[in-house]
Structure formats: structure tokens, C-alpha cells
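Okay, structure first, notes after.
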Amino acid sequence: MSSEPASDRPDSPDGPTAQPVPGAVTGAGTTPVAVTTMGGRAVVDLLGALAYGELTAFSRLAADADLAPTLAAKAALARLATVEFGHFELLRERLTALGVDPGSAMEPFVAAVDAFHERTAPGNWLESLVKAYVGDGIASDFYREISAFVDPSIRDLVTQVLSDSGHAEFVVTTVRAAITSNPKVAGRLALWGRRLVGEALSQAQRVAADRDGLASLVVGSADGTGADLAELVRMFGRLTSSHTRRMAMLGLSA
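Using the numbering used here, read the sequence shown as starting at 1 and increasing by one per residue.
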């Protein structure tokens, strides 16, 4: 999704210091991962969660394209959907190279991700765009943050698949134009954005709590890897700040 200022990225001087987790792959990131170690499980969980998220993003964008009011908008969303599927393919290939079945890696996250999307089903075209920008943006920030604690080769892949594909510019331009045309929609979309941030942050916490590997990155583990509780508080502060900036970009109050 959208790029954030350098000071808010997890690998910046003001973010957490990256400490690869034990058991994470090194070098080219294609050595079979030791899934019996906490570090190995963390890598598999991170890539599995991202892979299912990208696969879901592809299917949602493709469905949203059918709601587009113009052929140009329909084509734009269809193109962005193919980008998301390309990201999924990169993650699937990396999991396979690590000796992990992609389906097995994604399966633990299906219920939580699907439940989130059921709770936040958009009611119209504009709500679907705000969800893709705001809701997916929070999820992207969360995974980008915790990737600071894995091997650099995995972190680079995470950065690549979470990079903005042009979706942010399309959504911001479209939503701002809609607000200019009908200012009354701003209030409704602002409320929608506030609901999304609450649901997205709750889901991030739930997903991490359900998986020991991800939990070790979020709250730290006995061997000292991952974030500590103080850093966890700062991390969620950064997630909230990024959300506020995204809402402002849309012309909405957070």
C-alpha cells in the first residue's frame, strides 16, 4: 500500500533494531527452514499470513472491479489485482523453496482473515476503496513492522510484496473526487475508516496471539528476539499514526 516516511518504518533509526530470529533462513533465503525452532515457525507464519493476505487481496480487488462505475476504473482495479496475485506467487515460491507447503503455511490464517473481511464487508464502491487503502494499509504496516525481526532476505521479500503498486494513488484520487462532487459522503466514509482501524488492529493482535511464531516477533521470546513490551506500545502508536495520515490523504478525519 502507501509508502510511509522513513522515520515510521521498522528499519529506520527511530524504529526497532532488526535482530534476526534464531532458525530464520540466511543468505539467499532458500535454505529449508527449521520449522521446529521458534525462529523457523516465525518465518513460516509470517510468509503464510502474507501469502493468504495477498491471495485474498487479489480476489477482493477482482470482485471490486465489478462494482466500478466506469470502464477505466474497472480496468485499473483489474490491473492492481494482477499485481497482488504476483505478490502471492513470490511468497508461494519462497515457501516452496524453504521446503514448506504453501497451503499448510496459509491455512492457520484463513479463519481469522476471512472473519475480518466478513465483519468489514463494504456496502458500496467507495467503501470498498477506503477499505483497500485503510484496512489493508494497517495490515501491511503491521507485517512490515514485525519483519524487522527476521532474516534480511525474508525482510526484503516482505518489503517487496508490501510495496505500493499504484493502488494508493488510485484510491486517493478517486475518493477525493467523490468527496468534491458530494461532500456529504465524507462523514460516512470517515466513520467507516474508524471502524476499519479498530477491526484491523484487533485482527492483527488476534492473528499474532494465535500463532507462537508470530507472537515471538510481536512480544518477544525467551531468547530475546522480537519486540519487547515497550516497543510493542510504540509499534501500535506508529500504526495508528500511519492510519491518521492515510485518512488525511483521503480528505477524511480520523
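In this text, a Cβ means the ideal position worked out from N, Cα and C, and glycines have one as well.
Source: prediction; values computed, not measured.
_Whole beta strand (DSSP E) elements within the segment 51–121, 3-residue minimum_ = none
_Candidates 200, 185 and 71: closest to residue 113 by CA position_ = 200
*asked:* Quick check on residue 141: does DSSP put it in helix, strand or coil?
replied: helix
*When the Cα atoms are used, what is the spatial distance from residue 272 to residue 149?*
Outside the displayed range of the chain (1 to 254) lies residue 272, so it cannot be described from this structure.
_Which residue marks the beginning of the alpha helix (DSSP H) containing residue 149, and which one marks its end?_
Note, residue 149: premise wrong, no alpha helix (DSSP H); not H, not E.
*C-beta atoms of residue 132 and residue 100 nearer than 8 Å*: no
*Return the chain-ordered list of same chain residues with a C-beta closer than 7 Å to the C-beta of residue 106, the five sequence neighbours on each side being excluded.*
48, 51 and 52
_Once the 5 residues before and after residue 74 are set aside, which same chain residues still bring their CB inside 6 Å of it?_
65 and 68
*Starting from residue 188, follow the alpha helix (DSSP H) in both directions and report where the run begins and ends.*
185–210
*Residue span of the alpha helix (DSSP H) that contains residue 175, given as start and end*: 167–181
*Give the straight-line distance between the Cα atoms of residue 43 and residue 153, rounded to the nearest whole angstrom.*
11 Å
*Mind checking residue 144: buried by the 16 CB within 10 Å criterion, or exposed?*
buried
*asked:* Using a Cβ distance threshold of 8 Å, determine whether the segment 235–246 contacts the segment 175–184, with at least three qualifying pairs required.
replied: no
*Please name the residue, chosen from 167, 110 and 89, that lies closest to residue 79 on a Cα-to-Cα basis.*
167
*asked:* Please report the distance separating the alpha-carbon of residue 142 from that of residue 251.
replied: 23 Å
*According to DSSP, is residue 218 helix, strand or coil?*
helix
*How long is the line joining the alpha carbons of residue 158 and residue 147, rounded to whole angstroms?*
7 Å
*Check whether the Cβ atoms of residue 214 and residue 45 sit closer than 8 Å, and answer yes or no.*
yes
*Indicate whether residue 109 and residue 55 have their beta-carbon atoms separated by less than 8 Å.*
no
*For the alpha helix (DSSP H) that residue 126 lies in, which residues bound it at each end?*
125–130
*Under the rule that 16 or more other beta-carbon atoms within 10 Å means buried, what is residue 181, buried or exposed?*
exposed
*Option nearest residue 264 by Cα separation, candidates 237, 245 and 217*: The requested residue 264 is not part of the displayed model; the chain covers only 1 to 254.
*Beta-carbon proximity check, residue 193 vs residue 247, cutoff 8 Å*: yes
*Inter-residue CB distance, residue 165 and residue 83 (contact presumed, cutoff 8 Å)*: 4 Å
*Using beta-carbon positions only, say whether residue 189 and residue 135 come within less than 8 Å of one another.*
no
_One question on the structure: do residue 185 and residue 129 come within less than 8 Å of each other, judged by their Cβ atoms?_
no
*Would you call the CB atoms of residue 81 and residue 98 closer than 8 Å?*
no
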